[in-house]
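Numbering (the UniProt record's numbering), first residue to last: 1 to 512.
No residue lacks a Cβ here, since even glycine has one placed at the ideal position from N, Cα and C.
Nothing here was measured: the structure is a model prediction, and the numbers come from that model.
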Amino acid sequence: MKLSTSFEMKELDSRSINEFKIPDIVLMENASRGTFELIKKQFGNIEGVRVSVFAGLGNNGGDAMAIARHLYNAGANVLVNLVANPDNLNPSPKINYDILCSMNVPINIINHIDDINEVFLAHSQIIIDGLFGIGLSRKIEGLFYEIIEKINKSNAFIVSVDIPSGINADTAECLGIAVKADLTATFALAKPGQFLYPGRLYCGQLEVVDISTPKQLLDDFKPTFNALVKDDFVIEDRPKNSHKGNFGHIAIVGGSIGKSGAVILAANAALRSGAGLVSAVVPNCINTAFESSCIEAMSYPVKDNNGFFSKESFDDIVCFVKDKDVICFGMGLGVFDDGLDLLESLLELKKPMVIDADGLNVLSKDVGLLQKACAPVILTPHPKEFSRLVGKTTSEVLKNRLNLVKEFAKKYNVILILKMADTLISDGESIFINTSGNPGLSTGGSGDVLSGIIASLVAQNNDALYASCLGVYLHGLSADLALSDYSEASLLPTDVINYLTKAIEAIKTKAQ
Ligand SMILES: NC(=O)C1=CN([C@@H]2O[C@H](COP(=O)(O)OP(=O)(O)OC[C@H]3O[C@@H](n4cnc5c(N)ncnc54)[C@H](OP(=O)(O)O)[C@@H]3O)[C@@H](O)[C@H]2O)[C@@H](O)CC1
Ligand SMILES: Nc1ncnc2c1ncn2[C@@H]1O[C@H](COP(=O)(O)OP(=O)(O)O)[C@@H](O)[C@H]1O
Ligand SMILES: [K+]
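Set out below in C-alpha cells:
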C-alpha cells in the first residue's frame, strides 16, 4: 500500500490544484465530508451529540472547521475552539471560518488555556483534533501543549484530522506531546508516521478518505514508503502436476553446540512455507539433535571443532551447497575462527543468500565482502546486529533508521530487513513497513523462523524483494492468527510455524 510523506502529499495536493484545476477548497471539502461520514458511521445519529472542535492555524484547522459545519448541520451541539487569529488564516480555512460565522456556529477564539469552555469540553462525546496536520514542523510547546494535554484527559471519542496532532507524519516521532486518537481520518494516502512506532500507537482506527485526488496522479506516484498489507500479495495454488523439484532446494548452513534449535526452527519454517527440499549443513555434534527433531528435512553433518564448524570442513560445505538453490546462513552458527572465510566462499558461489544472526556478526568484520555477491543477498539484522554492520551504536541506528536502512541497501546492493515491531525492508530505493505481528514474537527463535520463511519463498522463484516483503508479512500474520489459541506471552516460534498454513490460506483467500 502506497504511503506519502508530508512533502510528497503537498506535491500531490499542489498538482491536483495546479495541473488538474481542482480548487483547494474542494479538496478541503472532500476531506471534511469524508471525515464527517466516518464519524456518522461510528455514531449513527449525531443529533444532540456534544462536539468540541479544535482548529489550529493551518489547513488542518480549516478541515476541522468544515467538519464542524457538517456536524452542526446534522444536529450536533458544536463548539469550535479556534487556536488562531482569524485574520491570519489561509484563504480556504478563512472561507470555512466565515461560513461558520454566517451560520452562527459557536466559535471560541483561544488565546489562553483558560479560554477553553471546561464544562462544554467535560460533557463532549466527540472531540475533533484539527490542531496540526502534516504541516507540524517543530516541537509543541506552550498553549498547544496545554490544549493537547486537556484533550488527552477527556473521555470523549477523539477523531484526529489527517494525523494525531503532535505526530511527525514522516518519522512517527512524537514532537513533545501528541493527541491519542480513537479514529484518524487521513487524506488521499496514509502516511509513514501512522505505521511506524510510536506514531502508530496514537492513531486508533486508521481510515483513508478519498479527497478526489486524480487517479492518474495516484497511479503514477512512486512512493518512498509503502505499508505491507494483505492485498499486496498473491499466493497461487500449486500446479496439479508439480513435483518437489519445482519448489527449490534450500541449504541451511548454521548451528553449533547448544544452538541446534535455531537450525531446526529455520528448517521447519522453510518446509511449512512451501520449500521443496531442505538440507541443513550442521557441525557433526548437533546432527543427532537435528535429525531427531526435523523429520522432513535432510542433514549434512560436517566435521566440527569443539562444537562449531571446523575450518577443515569448509571445502566440504561449499561442495555440498553449490548445487542448491538458496543458501540460508548464520542461525545458531556461533562465533568461531575463520567464519569470514566460509562466508566469502559461500558468497562466491553466486547463489541467492539469506544471512541472519551470527552470519551477520561474521559479516560485520568485513562488510565489503558483499561486493563479491553476484546473486541477491538478503540481510535480516535486528537493531543490535545492524549497529555492528554500520559501525554505529544501537541508539544511533534507531534514531536514523529510515535513512540508514535505505542507504545501506543501496550501497551494498542488498535487501536489508531491519527486524523490529515495525520491521523495515529496503532495496535501496523504497522502504516497506510491516503491519503484521505482535509482541508474541518477542521470543528467542522468532528470527530463525523468519529466515527459513524468506529462504523458502526465494527458493520458490520469487523475486528477492517480494520474497522478503511476503516473508516478513506472513511471519507476522502467523503470529497474529496464532493468538486465537495462544496468548502473547505464551506464543512460541514453533506455534508461529504451525500457523503458517492459516496465514498462507488467509492471503490466498483475501478477496473473498
Ligand atoms: N490542499 C491542501 O494542501 C490540503 C490540505 N489538507 C489539510 O491540510 C493539512 C496541512 O495543512 P498545513 O500545511 O497548513 O499545515 P498544518 O498542519 O495545518 O499546520 C501548519 C501551521 O502550524 C504551524 N506550526 C507547525 N508546527 C507548529 C508548532 N509546533 N507549534 C506552533 N505552530 C506550529 C505552522 O507554522 P510555520 O511552520 O509555517 O511557522 C503553520 O502555520 C493536512 O494535514 C490536511 O489536514 C486537506 O484539506 C486536503 C487539501
Ligand atoms: N513486538 C513485536 N511486534 C511484531 N514483531 C516482533 C515484535 N517483537 C519481535 N518481533 C519480530 O520477531 C523477530 C525477532 O527476531 P530476532 O530478534 O532475530 O530473534 P531471534 O534472534 O531470537 O530469532 C523479528 O522478525 C521481529 O520483527
Ligand atoms: K490533526
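* Could you name the residues of the same chain whose beta carbon sits closer than 7 Å to that of L271, not counting the 5 residues immediately before and after it, in chain order? => V278, E296 and A297
* Compute the minimum distance between the beta carbon of D315 and the heavy atoms of ligand 2, and state whether it is under 7 Å. => no
* To do: Consider the C-beta atom of A357 and the heavy atoms of ligand 2; say whether any pair is separated by less than 7 Å.
  => yes
* To do: Taking V83 and I110 to be in contact with their CB atoms under 8 Å, please state how far apart those CB atoms are, rounded to whole angstroms.
  => 5 Å
* Q512 versus A506: straight-line alpha-carbon distance, rounded -> Note that Q512 has pLDDT 47, beneath the 50 cutoff, so the model's placement of it is unreliable and no number is given.
* Asked: Does DSSP put Q512 in a helix, in a strand, or in coil?
  -> With a pLDDT of 47 at Q512, under the threshold of 50, the modelled position of this residue cannot be trusted; read the value that follows with caution. It is coil, neither helix nor strand.
* Asked: Who sits around ligand 3, taking every residue whose Cβ is closer than 7 Å to one of its heavy atoms?
  -> N60, D129, G130, L131, F132, G133, S160, V161, D162, I163, P164, S165 and V179
* Asked: Using the beta-carbon count (16 or more within 10 Å), is A357 buried or exposed?
  -> buried
* Is A31 near ligand 1, in the sense that its beta carbon is under 7 Å from a heavy atom of that ligand? -> yes
* Compute every distance between the C-beta of L217 and the non-hydrogen atoms of ligand 2, then say whether any falls below 7 Å. => no
* Of the choices N403, S364, K406 and A409, whose alpha-carbon is the least far from that of R388? -> S364
* Only counting runs of 4 or more residues, tell me where the alpha helix (DSSP H) segments fall wholly within the stretch 383–422, in order along the chain. => 383–390, 394–399 and 401–412
* **Opposing strand residues paired with A262 [DSSP bridges]** => Answer is none; A262 lacks a bridge partner.
* Of the listed residues A181, C101, L474 and R50, nearest to N117 (C-alpha basis) -> R50
* Rounded to whole angstroms, how far is the Cβ of D129 from the Cβ of F157, which I believe are closer than 8 Å? -> In fact, because the Cβ distance is near 11 Å, the residues do not count as touching under 8 Å.
* Spatial neighbours of A455 within its chain, please: CB distance less than 6 Å, with the 5 preceding and 5 following residues excluded, ordered by chain position. => I250, A270, V326, C328 and V354
* To do: From the DSSP output, in three-state form, read off K215 for me.
  => helix
* Distance, V179 Cα to K303 Cα -> 59 Å
* Asked: Between S154 and L265, what straight-line distance do the alpha-carbon atoms span, to the nearest angstrom?
  -> 47 Å
* Using CA coordinates, which residue listed in G133, I151, L175 and L343 is at the minimum distance from D63? -> G133
* N-terminal and C-terminal residue of the alpha helix (DSSP H) that A459 is part of -> S446 to A459
* To do: Rounded to whole angstroms, what's the CA-CA distance from P301 to L349? Just pull it up for me.
  => 20 Å
* To do: Just the C-alpha distance for S6 and T35, rounded to the nearest angstrom, thanks.
  => 19 Å
* Asked: Smallest Cα separation from F54: which of P164, I99 and G176?
  -> P164
* To do: Could you have a look at R15 and say whether DSSP puts it in helix, strand or coil?
  => helix
* Asked: Would you say the beta carbon of D448 comes nearer than 7 Å to a heavy atom of ligand 2?
  -> yes
* To do: Over the uninterrupted alpha helix (DSSP H) stretch that includes E29, give me the two end residues.
  => D24 to F43
* What's the C-alpha gap between L89 and K419? -> 44 Å
* Asked: From Q460, D463 and S451, pick the residue whose C-alpha is nearest to that of residue 519; which is it?
  -> The chain is shown only over 1 to 512; residue 519 falls outside these bounds and no answer can be derived.
* Same chain, Cβ closer than 7 Å to A409, neighbours up to 5 away in sequence not counted -> I415, L416, S426, D427 and G428
* Asked: Bridge partners of E207, per DSSP?
  -> A185
* Asked: Anyone know if the C-beta pair for V208 and A190 falls short of 8 Å?
  -> yes
* Give the straight-line distance between the Cα atoms of L465 and N413, rounded to the nearest whole angstrom. => 12 Å
* To do: Find the nearest neighbour of H243 within the set G276, F195 and N438, judged by alpha-carbon distance.
  => G276
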